[in-house]
Structures are given as structure tokens and as C-alpha cells.
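Report on the structure given below.
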Amino acid sequence: MDFIARDSLERAKQFQEELDDKVDDLVFFPYKFRQSRYFERDNFRDLIFKGYVVPYEIDKKKQTISVLGITKYREKF
Numbered sequence: 026m027d028f029i030a031r032d033s034l035e036r037a038k039q040f041q042e043e044l045d046d047k048v049d050d051l052v053f054f055p056y057k058f059r060q061s062r063y064f065e066r067d068n069f070r071d072l073i074f075k076g077y078v079v080p081y082e083i084d085k086k087k088q089t090i091s092v093l094g095i096t097k098y099r100e101k102f
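Right, dumping it as C-alpha cells:
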């Protein structure tokens, strides 16, 4: 969260905590968010959070969820 910490370390910590909570909840509802605009398969999803996109992959076979990164909403991944 370096890009947020440049403005405010406290805001960066709060952002990280809230984002961690959202990511932790993916275990319970992995298909809650829309199909990814970056990948064309149904098992790739985009968690939208405070102007950012967090693409993630759902692997049913391995029973895992992998966060692929974070980017500003309007930027390319």
C-alpha cells in the first residue's frame, strides 16, 4: 500500500485492514464478485474496493483462491 502511504500512513493501514477483511471473505462467497474484465474465464473474478480492482482466481480442483494483484479501477492490469 505504498501508493496510499505516501498521503497518510494511517489511511494506508486502514485501507489494508479493510481490504484484508474483504479478501478473507472470498473463502465463503468466491463467486460474489463479477467475472473479471481482465480474464475471460468464469473462475477469474474482480473484487472492487474503494476505486481499486483486485483480480483473483478460483481453483475448484485445488480449492484455493489466488489474489493476482491490485490496480486502480480505470487502469489496465
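Under my numbering, read the sequence shown as residues 26 to 102, first letter to last.
Where is the CB? At the ideal position from N, CA and C, for every residue including glycine.
Just so it is clear, the structure is predicted and the values come from calculations on it, not from any experiment.
Of the residues the options, the one placed nearest residue i, counting alpha carbons only
i, options, result
"Y56", "R62, D67, D46", "D67"
"D84", "R99, V52, I95, I73", "V52"
"E42", "F54, F64, F74, F69", "F74"
"L72", "L34, K97, R36", "K97"
"V79", "K86, F69, K87, Q88", "F69"
"E65", "F54, G76, Y77, Y81", "Y81"
"Y77", "S33, L93, F54", "L93"
Exposure label - residue i; buried when at least 16 CB within 10 Å
i, result
"S91", "exposed"
"D49", "exposed"
"D45", "exposed"
"S61", "buried"
In the stretch 42-100, which residue ranges form an unbroken beta strand (DSSP E) of at least 3 residues, counting only runs that do not cross its ends? Those beta strand (DSSP E) runs which fall completely within the stretch 42-100 and span 3+ residues are 69-74, 77-84, 89-92.
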